[in-house]
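Below is one structure; the comments refer to it alone.
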Amino acid sequence: MRHLKDRAIISISGAEAKSFLQGLITNDIGKLGPFAPLYAALLTPQGKILFDFLIIELGGAVLIDCWAPISEALLKRLTIYRLRAKVELKLRDDVAIAWSPREEPEAADLLPDPRLKELGCRSVLPRESIAGLIDGTGAYLNVRLGLDVPEAGDFGSDKMFALDAGLEELRGVSFEKGCYVGQELTARMKHRGTARKRLLAIVPTAGLELPPAGTDIRAAGNSVGEIAATYGGRGFGLIRLDRWTRGETAEAGGRPLHIGIPQWLRSKAPLHDAHLT
């Protein structure tokens with residue numbers, strides 16, 4: 000097990016904890032169980048991602064495992080939505096997230112990542128027991144980037160729609176549950192097939208590093224999208240599918256790059272997304 004130092008935990012407890020979340024998040028809280036975590040997001044009313052996170056049920060409380068840099072903002076947003084709901088919200092400094100790239104037989108409390116099994120397993124441990132673990136932040140990032148799975152800062156805040164970002168294919172959106180913040184536009188995009196962009200993997204060629212986020216991506220002389228996030232030699236670009244042809248040479252900031260479709264997206268993409276299959 001390794002300590003994920005860039006993760007924070009928000010606890011939601013009380014009689015209405017689950018019903019409170021059910022009216023806010025993209026996934027169906029009814030599917031949450033002690034050994035069945037969920038992946039979900041909180042959207043703007045216009046359907047764009049504000050925060051994404053994992054949800055864990057532990058000891059009668061619902062825990063949100065989120066990217067530490069956004070934990071205070073997420074807690075503040077949840078507090079705004081609380082109104083008269085019988086819930087208590089707080090950051091849990093007494094516990095932390097541990098991660099393993101694979102199942103460990105001796106650790107019975109490991110929770111599989113609900114997005115992809117290749118992302119490994121997590122566990123919520125008391126803060127004092129984390130002290131002996133090595134930092135797994137870099138190792139987890141390498142695994143995630145190797146699978147071309149975006150999360151947290153890769154989406155920005157209020158910049159891209161949930162379906163453009165691949166949250167449906169990563170099992171983070173339910174189309175059977177009731178209303179939630181941003182549900183109307185998300186459902187409309189799904190049923191009308193109006194998504195025109197996708198967050199795809201980008202890799203520079205010739206050993207170069209990627210330009211910064213926000214850089215225009217061009218192919219065949221046309222703008223086909225922009226860089227959303229970079230990690231040196233890998234990153235993500237928000238690509239216009241109606242402007243980009245698969246296999247087409249692209250460049251950003253004068254540097255050639257390859258646009259790739261993640262395997263998890265290619266295998267689960269809706270039938271109308273011919274660009275991705």
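Taking numbering that gives the first Met the number 0, the leading residue of the sequence shown gets 0, the next gets one more, and so forth.
Here a beta-carbon is modelled for each residue, glycine too, at the ideal position from N, C-alpha and C.
These numbers were taken from a predicted model, which means no experiment stands behind them.
Backbone CA spacing between residue i and residue j [nearest angstrom]
| i | j | result |
| --- | --- | --- |
| Met0 | Gly137 | 13 Å |
| Arg191 | Asp93 | 45 Å |
| Asp134 | His2 | 5 Å |
| Ile201 | Asp112 | 24 Å |
| Gly22 | Glu208 | 42 Å |
| Val61 | Leu77 | 13 Å |
| Ile19 | Arg81 | Here residue 19 turns out to be Phe, not Ile, going by the sequence shown. If you take the alpha carbons of Phe19 and Arg81, they lie about 7 Å apart. |
| Gly213 | Arg197 | 15 Å |
| Ser12 | Leu57 | 10 Å |
| Asp243 | Val223 | A small fix is needed here, since residue 243 is Trp in this sequence, not Asp. So the alpha carbons of these two residues sit roughly 6 Å apart. |
| Thr229 | Leu144 | 10 Å |
| Ser70 | Ile24 | 16 Å |
| Leu240 | Asp215 | 15 Å |
| Leu6 | Asp64 | Position check: residue 6 holds Arg in this sequence, whereas Leu was assumed. Rounded to whole angstroms, Arg6 to Asp64 spans 7 Å at the Cα level. |
| Arg121 | Lys4 | 13 Å |
| Thr43 | Ser99 | 32 Å |
Enclosing alpha helix (DSSP H) for residue i [first to last residue]
| i | result |
| --- | --- |
| Arg191 | Gln182 to Arg191 |
| Ala72 | Ser70 to Arg81 |
| Glu127 | Arg126 to Ile129 |
| Ala14 | No alpha helix (DSSP H) holds Ala14; DSSP gives it neither H nor E. |
| Lys267 | Gln262 to Lys267 |
CB of residue i within 8 Å of CB of residue j, strictly
| i | j | result |
| --- | --- | --- |
| Ile55 | Val123 | yes |
| Val148 | Arg187 | no |
| Glu15 | Ala84 | yes |
| Gly152 | Trp66 | yes |
| Gln45 | Gly155 | no |
| Leu146 | Glu117 | yes |
| Gly119 | Val86 | no |
Extent of the continuous beta strand (DSSP E) to which residue i belongs
| i | result |
| --- | --- |
| Trp98 | Val94 to Ser99 |
| Ala227 | Asn221 to Thr229 |
| Arg245 | First-last for Arg245: undefined, no H or E at that position. |
| Leu37 | Leu37 to Leu42 |
Residue i in three-state terms, based on DSSP
| i | result |
| --- | --- |
| Gly234 | strand |
| Val172 | coil |
| Arg197 | strand |
| Gly213 | coil |
| Leu144 | helix |
| Glu150 | coil |
| Gly22 | coil |
| Ala138 | helix |
| Ile55 | strand |
Inter-residue CB distance, residue i and residue j (contact presumed, cutoff 8 Å)
| i | j | result |
| --- | --- | --- |
| Leu40 | Gly253 | At residue 40 the sequence reads Ala, which differs from the Leu that was named. In fact, because the Cβ distance is near 34 Å, the residues do not count as touching under 8 Å. |
| Ala218 | Thr248 | 7 Å |
| Gly232 | Ile226 | Going by Cβ atoms, the distance from Gly232 to Ile226 rounds to 13 Å, so no, they are not a contact pair. |
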